[in-house]
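Notes follow the structure.
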Amino acid sequence: MDTIFGFRNYRNEIVWCYAGGGIPKKDFPRKHDILLRYTKTDKYFYKPIYRPYTKGTLQRGRTKIKGKYAEQGLRKEGTPVNDWRIDVPKLTSPTDPEKLGYPTQKPESLLERIIKSSSEEGDLVLDPFCGCGTTIAASEFLNRRWIGIDITHLAINLLTGRLKQRFGDHHTPFEVLGDPKDIHSAEALALTDRYQFQ
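Structure below.
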C-alpha cells in the first residue's frame, strides 16, 4: 500500500477488536482484525467518531479533574473513538442476513463508521481486497463513489449479488473488468498463473 499511495499518505492502522468464537489450545485467541487507512494526498477529510460515555466516566464527573477537562467539561458528542478498539460486534450468528460466509467479512456498521469519518458524499473509496464487498455496499449506501478489487471470481460474484440484493436496480451502475466475456478470454484467463498476484 505504501508503494501505491506513498508512506506519507498512510493515516492509521485501525484495530477492530471483537469477542466470540473459540479459544485455541496452542495459540493466543485471534480476536482482532487490522484495517489500513490511506488517503490519496495530504489534503483529506476527517471527522472524529464519538461514542457515549461509560457510566463510570459520567459518575466520576471528569469536570472535577484539574486541567483541560475541568475547563471544558464533558463533550456533548461523547468520547472520541480511537484507532485500536472500535466497539462493533463480529458477525457470529450463521443466520445473520448480512453474513455471506466470507472468512474475513466485516460488519457493514464498522465500515460505515470508518467511511463516514474519512470521506464525504461523492468522495471515492477504494478497497483493494474487497472480498464479499462490505466496503463497497457501505460506500454505495453512504453515496460514495467506489472501486473494489479482488482476484477471485467468487468475490466478484458475491459483491455483484450483494449489491443487487441490497439495492435492487437502484445501485450505481458498475463494470466488472477482467471477467471473461467470450471463450477466447476465458481460455486466456485459465492459462494464466493463478498465483501471480500473491
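Residue numbers (my numbering): 1374 to 1571. For each residue, glycine too, the CB sits at the ideal point set by N, CA and C.
>> Does the contact criterion of 3 or more C-beta pairs under 8 Å hold for the segment 1423-1431 versus the segment 1494-1504?
In response: no
> Could you give the uninterrupted runs of the alpha helix (DSSP H) lying entirely in the segment 1466-1509, keeping only those of 4 residues or more?
Replying inline: 1481-1491
>> Please list the terminal residues of the continuous beta strand (DSSP E) segment that includes Leu1447.
In response: No beta strand (DSSP E) holds Leu1447; DSSP gives it neither H nor E.
>> Am I right that Ile1488 and Arg1517 are in contact with their C-beta atoms under 8 Å? What's the rounded C-beta distance?
In response: 6 Å
>> Using only the alpha-carbon positions, how far apart do Pro1402 and Thr1477 sit?
In response: 16 Å
>> I need the straight-line Cα distance from Val1549 to Leu1447, nearest angstrom please.
In response: 48 Å
> Does the separation of the CB atoms of Gly1521 and Asp1500 fall below 8 Å?
Replying inline: yes
> So what does DSSP say about Leu1409, is it helix, strand or coil?
Replying inline: strand
>> Please classify Ile1373 as buried or exposed, where buried requires at least 16 other C-beta atoms within 10 Å of its C-beta.
In response: With the chain covering only 1374 through 1571, there is no way to say anything about residue 1373.
> Which residue's Cα is closest to the Cα of Arg1410: Lys1554, Asp1456, Phe1540?
Replying inline: Asp1456
>> Going by DSSP in three states, Glu1548 sits in which element: helix, strand or coil?
In response: coil
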